[in-house]
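Colleague:
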Amino acid sequence: MPGSSTTETLTERRKAATRLDIARTAAALFMEDGLRATRAEDIARAAGVAPRTFYRYFATKEEAVAPLFAAGAQQWAEAVRDAPTALSVPDALRHAVAQSLTVDDAANGESLEWVRSLLRMAAESPALQAVWGTACHASEATLLAVLVERMGSGPEAGSGAPQASASLALRLTAGVACTAVRVGVETWAASDAPADGELGPAALAARCLASLGDFPWAPA
4 MPGSSTTETL TERRKAATRL DIARTAAALF MEDGLRATRA EDIARAAGVA
54 PRTFYRYFAT KEEAVAPLFA AGAQQWAEAV RDAPTALSVP DALRHAVAQS
104 LTVDDAANGE SLEWVRSLLR MAAESPALQA VWGTACHASE ATLLAVLVER
154 MGSGPEAGSG APQASASLAL RLTAGVACTA VRVGVETWAA SDAPADGELG
204 PAALAARCLA SLGDFPWAPA
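Here the sequence shown stands for residues 4 to 223, where the numbers follow our numbering.
Now the structure itself:
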């Protein structure tokens with residue numbers, strides 16, 4: 004049908020916008036009233052949607068903040084994809100950290116503060132910890148797909164579907180890189196340090212990546 008792909012794209016965009024709006028509302032209520040006291044119905048009402056709409060997007064109130072976690076991971080993966088092609092994989096990862104965890108952009112700074120607050124809550128909420136863990140695992144899969152794309156059709160990338168055919172080296176690179184960035188962000192979140200400077204998430208994540216050296220197992 005003519006125009007169907009455009010309609011589907013617009014529909015997906017609207018759904019994504021609704022999910023993100025609910026996520027921001029949920030995070031704000033968690034910080035204002037506390038995670039335990041906030042109900043899914045409270046989030047739905049504050050977001051201006053019906054409870055059934057909320058549950059169409061999220062199974063639990065904790066899952067409602069998943070888009071906030073996912074947004075940062077997606078931004079990092081996109082920064083890896085957009086890194087200069089002349090850079091090796093390790094250098095592209097380091098370049099992407101500097102680009103995606105910067106606070107020069109107001110939206111980035113706001114997102115990082117959301118994440119800090121939510122990670123502190125997660126320390127006392129197994130359900131919220133599970134949401135963060137799921138987001139981190141999804142981030143690894145996203146990064147792996149980007150690395151396969153970046154490597155093109157060389158032997159390091161494998162052939163066929165990205166996740167199914169990626170080489171051991173690329174899988175290890177994606178897993179270790181995501182862990183390094185996660186540790187940097189979590190370390191910052193547990194502190195009172197500002198988001199910029201040597202104790203900010205970008206600097207700490209960069210230090211974690213640097214501790215891995217040149218990723219000797221990674222393709223150049």
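Cβ coordinates follow ideal geometry from the N, Cα and C atoms, glycine included.
Leaving out the 5 sequence neighbours to the left and right, which residues in its chain are closer than 6 Å to ALA73 when beta-carbon positions are compared?
Modeller: Hits under 6 Å: ALA138.
Colleague: Could you round the C-beta distance between GLY178 and GLU143 to whole angstroms and report it? I think they count as a contact, below 8 Å.
Modeller: The Cβ separation is near 6 Å, so the contact holds.
Colleague: Identify whether PHE61 lies in helix, strand or coil by the three-state DSSP scheme.
Modeller: Reduced to three states, the DSSP call for PHE61 is coil.
Colleague: Could you say which of MET154, ALA180, ARG22 and THR182 lies nearest to ALA169 if we only look at CA atoms?
Modeller: Per the Cα distances, MET154.
Colleague: Restricting to Cα atoms, I'd like to know which of THR28, SER120 and LEU96 is closest to THR176.
Modeller: Considering only alpha carbons, the answer is LEU96.
Colleague: Beta-carbon within less than 6 Å of PRO70's beta-carbon, same chain only, minus the 5 sequence neighbours each way: which residues are those?
Modeller: The residues are ARG22, LEU23 and ALA26.
Colleague: Could you give the distance in angstroms between the alpha-carbon of ALA183 and the alpha-carbon of GLY203?
Modeller: About 14 Å.
Colleague: Leaving out five residues before and five after SER120 in sequence, what residues of the same chain have Cβ atoms less than 8 Å from its Cβ?
Modeller: If we look at SER120 and ignore the five residues flanking it on each side, its Cβ neighbours are ALA30, PHE33 and MET34.
Colleague: Go through its chain and collect everything with a Cβ distance to GLU189's Cβ below 8 Å, but skip five positions before and after it.
Modeller: LEU122.
Colleague: Check each candidate in ASP94, LEU150, GLN102 and ARG55 and name the one with the smallest Cα separation from GLY75.
Modeller: Checking every option, the nearest Cα to that of GLY75 belongs to GLN102.
Colleague: What is the C-beta distance between VAL83 and ALA99, in whole angstroms, given that I count them as a contact (C-beta under 8 Å)?
Modeller: The Cβ separation is near 4 Å, so the contact holds.
Colleague: Does any residue of chain B bring its CB to less than 9 Å from the CB of ALA101?
Modeller: Structure shown: chain B not included; a single protein chain is present.
Colleague: Could you check what DSSP says for PRO204 in three-state terms: helix, strand or coil?
Modeller: It is helical.
Colleague: Would you mind stating whether LEU147 and ARG174 have Cβ atoms separated by less than 9 Å?
Modeller: In this structure, ARG174 lies closer than 9 Å to LEU147 by Cβ.
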